[in-house]
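*Asks:* Let me give you the structure first, and then I'll get to my questions.
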Amino acid sequence: MLDLKGKTAVITGAGNGIGKAAALILAQHGTNVVCGDLHKETAEKTAEEARKFGVKAIGVACDVTNEKDLENLAAEAVKNMEGINILVNNTGGGGGGREKFDTLTLDYIEKIYRLNVFSIYKLSQLCIPYMNKDKYGSIINISSMAGQMTSHNMSVYGSSKAAINQLTKYMAVDLGPYIRVNAIAPGAIKTDALKSVLTDEMEKKMLVNTPLKVLGETEDIANTILYFASPMSKWVSGQVIAVNGGGTQSLE
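If you're matching positions, the sequence shown starts at 59 in the numbering used here and goes up one per residue.
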């Protein structure tokens with residue numbers, strides 16, 4: 059049920075963190091991978107590692123806020139892999155900053171929504187014809203616990219992730235029967251970015267409302283992506299799964 063040999067996945071933000079872990083675990087299970095990332099060199103580095111599993115893999119420079127870049131990413135996938143079956147909308151941002159509500163600008167709000175939400179609309183639209191053609195499609199949107207819970211001065215990021223959650227449900231209704239759409243809401247994950255700023259005090263605070271008392275690893279999210287990509291989840295669509303060590307109460 060985890061054999062994805064012959065399938066092709068497009069992953070955004072594949073140069074590091076969750077996106078890289080997703081690309082590698084999918085490749086390990088036979089998936090050809092198209093690694094999109096803002097920086098071509100990091101995308102190609104992930105692709106190089108993926109090829110060690112005997113699959114086809116390419117790295118493509120892609121700014122997901124640029125419509126032409128998204129079109130090129132899908133085109134490169136079709137050109138090199140002859141189809142698209144799995145899409146991991148992983149790229150996102152805006153969660154690291156704390157913006158006071160009364161000083162927010164419309165330009166900033168649009169910037170975050172273009173990155174986190176609008177890119178999902180466009181890239182999914184580009185991929186769904188090939189999924190329908192093969193009668194096998196899985197779209198996996200990476201959300202956040204910030205879309206389900208609250209924290210001070212995170213209204214733009216949090217609401218954009220809440221939008222992803224609801225968008226996932228609407229996409230599931232609109233895109234069946236051959237395409238499944240699900241989302242993952244990660245908790246605190248030990249990405250390189252987090253590790254670079256994480257202090258013992260910060261980690262203790264993060265773990266207060268985490269019953270399992272450990273931070274997540276990128277592989278924890280990648281394993282869930284693998285589940286959604288594979289036939290193991292063939293009757294699962296429109297779901298938002300929290301992968302967060304059991305933390306469900308507060309982000310603070």
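Every residue, glycine too, gets a C-beta built ideally from N, C-alpha and C.
This structure is a prediction, so every number in the text was calculated from the model and none was measured.
For alanine 221, which of Glu275, Leu60, Phe176, Arg238 has the nearest alpha-carbon?
*Replies:* It is Phe176.
*Asks:* Beta-carbon within less than 7 Å of glycine 303's beta-carbon, same chain only, minus the 5 sequence neighbours each way: which residues are those?
*Replies:* So the qualifying residues of the chain are Gly245, Thr268, Pro269, Leu270, Val272, Gly274.
*Asks:* Leucine 62 and alanine 287 - do their beta-carbons sit closer together than 8 Å?
*Replies:* Going by beta carbons, alanine 287 and leucine 62 fall inside the 8 Å limit.
*Asks:* Tell me which same chain residues have a C-beta within less than 7 Å of the C-beta of alanine 135, skipping the five on either side of it?
*Replies:* Thr66, Val68, Val92, Ile142
*Asks:* Nearest CA to the CA of alanine 105: which residue from Phe111, Leu96, Ile116?
*Replies:* Ile116
*Asks:* Please tell me whether threonine 149 and valine 122 are closer than 8 Å, where the distance is taken between their beta carbons.
*Replies:* yes
*Asks:* Does the beta-carbon distance from threonine 276 to isoleucine 144 come in below 8 Å?
*Replies:* no
*Asks:* In the DSSP output, what is aspartate 250 paired with across the bridge?
*Replies:* For aspartate 250, which the question treats as bridged, DSSP gives no partner whatsoever.
*Asks:* So, at 8 Å on beta carbons, what are the nonlocal neighbours of valine 113 in its own chain, with the 5 sequence-adjacent residues on each side left out?
*Replies:* Ala85, Gly88, Thr89, Asn90, Val91
*Asks:* Who are cysteine 93's beta bridge partners in DSSP?
*Replies:* Cysteine 93 is bridged to Ile69, Gly117.
*Asks:* Taking only three categories from DSSP, how would you classify valine 175?
*Replies:* helix
*Asks:* Report yes if the CB atom of glutamate 129 is closer than 8 Å to the CB atom of leucine 184, and no otherwise.
*Replies:* yes
*Asks:* Could you tell me the alpha carbon to alpha carbon distance between methionine 290 and isoleucine 299, rounded to whole angstroms?
*Replies:* 15 Å
*Asks:* Please list the terminal residues of the continuous beta strand (DSSP E) segment that includes valine 146.
*Replies:* That run of the beta strand (DSSP E) goes 144 to 147.
*Asks:* In the DSSP assignment, find the beta strand (DSSP E) that holds alanine 241 and state where it starts and stops.
*Replies:* 237 to 244
*Asks:* Quick one: using the 10 Å Cβ neighbour count with 16 as the cut-off for buried, is arginine 156 buried or exposed?
*Replies:* exposed
*Asks:* How would you write the range of the alpha helix (DSSP H) that valine 231 sits in, first residue to last?
*Replies:* 213 to 233
*Asks:* Using 8 Å as the threshold, is the C-beta distance between histidine 97 and glycine 73 below it?
*Replies:* yes
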